[in-house]
Each structure stands twice: as C-alpha cells, then as structure tokens.
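Numbering (the working numbering), first residue to last: 4 to 482. Glycine included, every Cβ here is placed at the ideal spot set by N, Cα and C. Here the structure is a predicted model, which means the values were calculated and not measured. Taking it in order: structure first as structure tokens, then the write-up.
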Amino acid sequence: MVVGGGVAGLATALALAPWPVRLLCRAHDGSDTASVLAQGGIAAALDSADTPVAHALDTLAAGAQHNDPAMVRWLCQQAPEAVRWLQAQGVAFDRDAAGRLDLGREGGHQVARVAHAGGDASGAAVMAVLRQRVQRAAHIQWRGDVEVDTLLLRDSAVVGVRFRDSCGREQEMGASAVVLATGGIGALFARTSNPPGADGNGLALGLRVGARARDIEFVQFHPTALDIAGSHCLPLITEALRGAGAHLQDGAGRRLMAGLHPQQDLAPRDIVARQVWHAHRREGAAWLDARELKPGWESHFPTVLAACLAHGIDPRTQRIPVSAASHFHMGGLSVDADGRTSVAGLYAVGEVACNGVHGANRLASNSLLEGVLCGRRLGVLLADMCAQNVSHKTASGRYRWVARGIGLPSALMAELRTTLWHAAGPERDAAGLRQAAQACAQWAGQGWQAWLAHELLLAAGSRTHSLGSHHRADSAVAG
Ligand code: SIN
C-alpha cells in the first residue's frame, strides 16, 4: 500500500511490479502534490565537465555538512541514471539548439546541472509521464479522493490502513507493507510554495504509531514565491530565473544580495531567503527584476510568466514582488537508505522521510531526484520481500488501530500557520519558539496539526545554534 501520489509514491509503486500495489491519494488524480508544482528540474552531473563528486560537494555545502555522506554519494552517483530512466519513461527534457540537454543553473550549484522539461514546468512534465505509466500498470490499483487517517497494527507492526472517501465513508484495508509518501509540511506555515495538502499528515500518522523522527526543525524557505497579499499557498518563482540573470532588489532598486555572499543571488537558499525576509521586515516588500534578461526569456519560463500575468504583473516590464515561503522539509520520519522506518511494516519515502541526504538545507533540484531514486530503491526492496514472502505479520497478536486524530478548526489552523511563520520561519529565537510552543501545547487537544507543530517547535528550541536552514537570530556562532 502506497499512500501519496507524488513522484516518490509513483516511483515506488512502479518499481514494485509485478506485485500488486494499492496507491491511495488525497486528490482524484494526484494533482495536488508538490511534485507537480516543482519548477527547477532534476540535478545530475550530465555535462562532460561535471562530476558526481562535484554535485556531492555542492549538496554537502548546501546541507551545512549535516548530510549523511554515504547517502549523498549514492544520490549524486545515481543521478545521471535517474535522468536516463525518466527519459526512457517518456520525459522529454529540454534541449539546446545543438540537441544537447539544456542544463540550468540554480542556487548552491557551482555549475549548470539541472535538467528541466517544459522550461519551468519540470515537475508537471515528470508527473504527467509517471501518472500515465501508473495508469497503464496492471499491478497498480489507483484510488483517489481518499484520506488515510489511521494505521492498523498487529503487535508492533503496521499491517493496514483505514481511510475515508470524499463522502466520509470509512474503509479498512490490510497490507503487507505500508509506504508513506505523503509529502512535506509547508502548508503549516502562513506563506508557502507548497499545495494545501502538504500539511504533515503522513508525518503525524507515523509519529502517532511511534516511528522515530529526525531533524524536524529543518525547514527550507524559498526566497522567491510570488508575493500575493493575504494568500497562503503562493506560486513559485523558480530559482532558475536568477540562474538566468534575474536579481533581487529592495524598494529603491538596490541589489539585495550585493556583497553578502560570493554567489550573490545564487547563494544557498537559506541565505537568500533570510535577506528577502529582512527586506519584508524593513520595508514590507522585496523584488525580483527579470527585465534585463535576454529578450524571449519568458518562453523558457512559461509557468512564472502565467502566474505573474494572472496576478496583474508583467515581468517583462515590471519587477516581480516576492516573498520568502516555506518550501521543503529536510526532516521527517527517520528512515534507513532503503526507506524503513523504526516501525516494522511502515516505510517512508520522499519529503515525509528523512534519510539524511539533504542535511540542514536541500540543494536545489535534488528533491524530484530523491523521489525518483529512493522511490525506485524502496519499490525494488519491497518487490524482493514479496518474492521471498517476507511478512511483518505475526501468526497471532493483538490488533489495534492508531488514528492521527481530529484536525484543527479552520480559524485555529490559520492562527497556527501565522504562529509558525513568525516563530519558526527563516529566523528563530528562543523566546519566540518558547511562546509558540506554549500556544501549540494549548491547542494540541483540538487538532493534530498543533501537536505536530509543537514537536517541531521543541526540536527547534533545543537546537540552540544556527545550522543551514535553522537560523537562530539569538546565536552568533554557526554550529
Ligand atoms: C526552484 O525551481 O526554484 C525550486 C527547485 C527546488 O526546490 O529544488
């Protein structure tokens, strides 16, 4: 049973062939995933002048060396193969006039190494192909419009799920293995580039059954979401636009990143996001200027252009108002390299999981990559287990259901998002974290999101030094 229809869930399900898989998703067609919204692409050392070692060094530098080095080595070595696999599935990555893969450059990368498709519609292009593969796969049974909110345990192993359909009807299903591929927690913050469903539902479910978590205080903030007043889920303005030469400015047109980092606008995301956050605190706005890019640039960025135009901004003639926004969760359910959690029968993959590959801050365009590679790796592991008839079920034992619990009422949910944004956003300090944790502890009985936020705030409070995306304004020394 795979819960979640993003790239990691689809890759897992496909690799399980020929063993039967049920794929359960919240949206009818899996279109509500963060994978679909990914713009940048897939990072891989594909250029003859590039190497997996150089990719690994950039991944480690962005991750503040908090990464698991063996996972990083594996990911970067396998990355070119992941791109070839996607091509074999039917993904048409963009090519230059000479027919070579057109590699983009993003923050934290020393060289251009991001394979993209449809310009800035990489996630949508990858997902369209994988969804088609899944629909055609005889071993996969897709079930959309369902919400998995309860796990079935026998003794201490997960052996099934309970879910609710869109009419509120409950259904139970046994499974020899349950894979959580439910995505991240960005939607718990007041400003996010994630879809509304990225609310930590799978992480909360895993924690409820006692699975260990790791690094949950590490949340990446993207520097450039389109700043739409009063909106929660904001369109992303891809970093690749800065890779193509756009730059950040304050209200007076001064470069925001000048003199702050050798890579300036392409410095690692946490550094750039903090400058955008500061500009908002100082003057209520920050801007991205793409007006001096080569004429015709917009044909490479159709998603950005459409999002801006839809909100009355023409980025060819006007500066783009941008905001920092929660973007990616490096922490999650602690898993080994194959995706095993600490609970038998329960696996996790993609953003809900933490195998240590991203460290304290994910390198741009390593997330679809992780979803493809770790999903396929987990699918192969589970297929082998099926072939060997390995089961977590005991012959006898007590069954029990463990539920995630009720969700917060919507007014309190809005308050929680604002609280997390201010206390656990791009800058944190002890007093803010403590006050927010107290508020969340009070709300915890009213909804699982407050309980999950409380866990995050406690973890952030106990990491007293700055590291990667976890920036403590009250600690001068980076750890
Ligand atoms: C972006 O296109 O800026 C985001 C890519 C990523 O999150 O890796």
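Terminal residues of the alpha helix (DSSP H) in which residue i lies
| i | result |
| --- | --- |
| G374 | 370 to 390 |
| V94 | No alpha helix (DSSP H) contains V94, which DSSP labels as neither H nor E. |
| V10 | 10 to 18 |
| M416 | 413 to 427 |
| E286 | 272 to 286 |
| R245 | 243 to 246 |
| E488 | Residue 488 lies beyond the range of the chain shown here (4 to 482); nothing can be said about it. |
| L63 | 55 to 65 |
Neighbourhood of residue i by C-beta distance below 6 Å, restricted to the same chain and skipping five residues each side
| i | result |
| --- | --- |
| A20 | H142 |
| P305 | G122 |
| L423 | L191, F192, A456 |
| P318 | A293, C311 |
| C28 | G8, G147 |
Short Cβ contact (8 Å threshold) for residue i with residue j
| i | j | result |
| --- | --- | --- |
| L26 | G8 | yes |
| D341 | R380 | yes |
| D273 | S472 | yes |
| W300 | L251 | no |
| Q113 | D61 | yes |
| F166 | V181 | no |
| L206 | I188 | yes |
| C357 | G378 | no |
| C443 | L470 | no |
| G355 | T185 | Looking at the sequence provided, one finds Val at residue 355 rather than Gly. Result yes, Cβ atoms of V355 and T185 sit closer than 8 Å. |
| G362 | A67 | yes |
| A120 | D97 | yes |
| V6 | L183 | yes |
| V325 | P198 | no |
| S345 | R211 | no |
| A65 | R285 | no |
| N70 | V360 | yes |
| A118 | V75 | no |
| A406 | T153 | yes |
| Q80 | P55 | yes |
| L78 | L372 | yes |
Contacts around residue i, its chain only, beta-carbon distance under 8 Å, and the 5 residues preceding and following it disregarded
| i | result |
| --- | --- |
| V137 | L13, A16, L17, L26, I143, W145 |
| S169 | D148, V149 |
| W280 | F224, A327, G428, P429, E430 |
| A270 | G110, G111, M260, L263, H264 |
Same chain, Cβ closer than 7 Å to residue i, neighbours up to 5 away in sequence not counted
| i | result |
| --- | --- |
| G374 | G9, V10, A11, A14, S38, G353 |
| A310 | L229, P238 |
| L459 | I219, E220, A427 |
| G348 | A160, V161, V162, A180, V181, H395 |
| A453 | L411, L419, C443, W446, A447 |
| R487 | Past the boundaries of the shown model lies residue 487; the chain is included only from 4 to 482, so the question cannot be answered. |
| Q92 | V132, L133, R136 |
| M176 | M4, R25, G163, V164 |
| P83 | A47, A48, L49 |
Residue interval of the beta strand (DSSP E) (run including residue i)
| i | result |
| --- | --- |
| D168 | 160 to 168 |
| D152 | 149 to 157 |
| R25 | 24 to 27 |
| V405 | 402 to 406 |
| S329 | 323 to 332 |
| G335 | 335 to 337 |
| Q144 | 143 to 146 |
| L251 | 250 to 252 |
| H225 | 222 to 229 |
Proximity test, Cβ basis, 8 Å: residue i and chain B
| i | result |
| --- | --- |
| A363 | The structure shown contains no chain B, having only a single protein chain. |
What does the shell around the ligand SIN hold, if a residue joins when its beta-carbon is under 5 Å from any heavy atom? Q42, G43, T241, E242, A367, S368
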